[in-house]
Amino acid sequence: MIYANSQYALLNTHYYFPYLCKMQVSFEDFKLNKQILNAITDAGYDKPTEIQQKAITPILAGQDVMGIAQTGTGKTAAFVLPMLMNLKYAQGTDPRALILSPTRELAIQIEEHIRLLSVNLDLRTVLLYGGLGPKTQKELLEKGCDIIVATPGRFLDLYLEGHINTKSLKLLVMDEADKMMDMGFIGKIHRILEVVPRKRQNLLFSATMSELVRKIAGDFLAFPTVIEVTEQATPAITVSQALYAVPNLKTKINLLQHLFKDDEAFHRVIVFCKTKEVADNVFGYLERKFGEDNVRVIHANKGQNTRINSINAFKSGEVRFLVATDVAARGLDVSNVSHVINFDVPIVIEDYVHRIGRTGRAFSKGDAITFANPAEEYYVSKIEKLIRQSIPVFELPEEVFIEKTPYEEKQAIAREIDNQKKKDNPDFKGAFHEKKFVIKQKEAAKSGYKPKKAASKSSAKSSGFKKKGKKFKNS
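The numbering of the sequence shown is UniProt numbering, which starts it at 1 and goes up by one.
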């Protein structure tokens, strides 16, 4: 196989198939078989989404495809449907298709899509991920399968133990490639590429096109058809965004309490936090305020079964609130999420797009509200550059009590602001450095020594946002 290793080769193979958007308005136009079409109808799919319109035909034709599409655009079905059509029926014992996912949650979602759309077929799918003992997974592999959906680590473990034979593999799919790179899977991906047949079809899907994604695409894809259904890292137009400048943690809780009084508007909400500790604190507050039956929390310290049960309870509407770290920002496919709350601004700025992509899915409207303290303004500005738009800033409602920032939190915010300034200016010494310098001056003055004049102090603004003097209207 000849790989398109250069950026030139990759960038100059864009085919957008504009005629498909005009000509193909139903799934029948793709010449899918009756079993698949019946499953599509039973699943409630009406017409192909944009990524499905553009990707299904070249995938059916056996081309390598790179799809740049946000979550919630129907990209899973965009590769699952042609995969099912090409595989047709159960055959042999070795897998013919491998789908790699960065997280267990996303792998589960993909397997659910496959099960839903292959209900009338005899194709066999095995789901492989860590966090659970491998015994059952080994037994399923022993029985034979046509499709494997896996996280990279668990796939490699079972392959190296001799439980997977890749000689019959015809299709390799890498989903959420940008998240794969963020999570440090590039080494495992290259190892997997070494053990699969060189003659195969490759599909890569990503929400953003980072340099690492571009690099792995060059190694992975052979003269691909590149399909971009929306600008990179652009939030869906169905998502309304809002930003509140909030001075501290307690005031964030007060704002959360105020917003959630409107239970009709905020009827199904995901609250994203950047650490497990903050997630547990927010969960504890919501549990006390709204009852343990109305909220669940998921993060890395929660067991796999607990996380799956929490997601299912939220999906079914059993609970109103789901508090999560970014472990759930990808692959969480829940319909009718009214709001995403960024309780903390994500430090990995690309995660902002993935977080807010949990609402406004499948042509529904949704709201994404971000709380930012003074130290988080730095990341907000970077997010706005990434998404190429300003996030509307709203005044805190009068009913929200603004708490005094505790000394420890104030110090932590100041340190973070100093670190940010050092990133932008390596010569910046920091407010804490200057404070110590002033103390040394005073000590020296007592001993009769007069040092040189100190540099002027740098002070952090309480809020760098330009208020627009408007209040956020709940949708």
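Heads up, the beta-carbon is just placed ideally off N, CA and C, and yes, glycines get one too.
Every unbroken stretch of the alpha helix (DSSP H) spanning 4 or more residues and falling wholly within the segment 230-297 is given here in chain order: 249-259 and 276-290. At the C-beta level, Leu203 and Ile59 come within 8 Å of one another. Its chain contains Ile349 as the residues whose beta carbon lies nearer than 7 Å to that of Lys382, once the 5 sequence neighbours on both sides are disregarded; these appear in chain order. Exclusion of the five residues before and after Leu37 leaves Phe27 and Glu28 as the residues of its chain whose Cβ lies within less than 7 Å of its Cβ. Cα atoms of Ser206 and Tyr129: separation of roughly 20 Å, rounded to the nearest angstrom.
DSSP places Val65 inside the beta strand (DSSP E), whose first and last residues are Val65 to Ile68.
For Ser168, the three-state secondary structure derived from DSSP is coil. For Asn202, the enclosing beta strand (DSSP E) covers residues Gln201 to Ser206. DSSP places Thr370 within a strand segment (E or B) once states are collapsed to three.
Using a 10 angstroms sphere on the CB of Ala61, the tally of other CB atoms stays under 16, which defines it as exposed. Beyond the five residues adjoining it in sequence on each side, Asp263 comes within less than 6 Å, by CB distance, of no other residue in the same chain.
Following the DSSP letters along the chain, one finds His299 in no alpha helix (DSSP H), marked with neither H nor E. Between Ala78 and Gln52, the CB-CB gap stays under 8 Å.
Listed in chain order, the beta strand (DSSP E) runs fully inside the segment 113-198 are 125-128, 147-150 and 171-174, counting runs of at least 3 residues. DSSP places Phe321 in the strand class (E or B) of the three-state scheme. The segment 235-244 makes no contact with the segment 305-314, as fewer than three CB pairs between them are under 8 Å. Less than 8 Å divides the Cβ of Leu32 from the Cβ of Leu81. Judged by DSSP in its simplified three-state form, Glu228 adopts strand. If you draw a straight line from the Cα of Glu395 to the Cα of Val65, it comes to about 45 Å.
For Ile99, the beta-bridge partners assigned by DSSP are Val149 and Val173.
Taking one beta carbon from each stretch, the segment 333-345 and the segment 249-266 have 3 or more pairs nearer than 8 Å; the two touch. Taking the CA atoms as reference points, Thr49 sits about 39 Å from Tyr285.
Under the DSSP definition of a beta bridge, Val393 partners with Leu243. Taking a C-beta distance under 8 Å as the contact criterion, Leu193 and Ala150 do not qualify as a contact pair. Residue range Glu211 to Phe220 is occupied by the alpha helix (DSSP H) that includes Val213. Non-local beta-carbon contacts of Glu416 in its own chain, meaning distances under 6 Å to residues more than five positions away in sequence, involve Ala375 in chain order. Beta-carbon to beta-carbon, Asn254 and Phe371 are separated by about 11 Å, too far to satisfy the 8 Å threshold.
In this structure, Leu98 places its C-beta atom within 8 Å of the C-beta atom of Leu169.
With fewer than three CB-CB distances shorter than 8 Å, the segment 266-280 does not count as touching the segment 417-429. When Cβ pairs closer than 8 Å are counted between the two stretches, the segment 170-180 is seen to touch the segment 210-230, the count reaching three or more. Under DSSP, His339 takes part in a beta bridge, and its partners are Val269 and Asp367. Put simply, of Gln70, Phe30, Gly44 and Gln63 the residue whose alpha carbon is nearest the alpha carbon of Thr359 is Gln70. By the Cβ-count criterion, Gln63 is buried, with 16 or more other Cβ atoms from all chains shown falling within 10 Å of its own Cβ. Taking the Cβ atoms as the reference, Ala55 lies roughly 5 Å from Ile227, within the contact range of under 8 Å. In the three-state reduction of the DSSP assignment, Ala90 falls in the coil class. In this structure, the beta-carbon distance from Asp293 to Asp326 does not fall below 8 Å.
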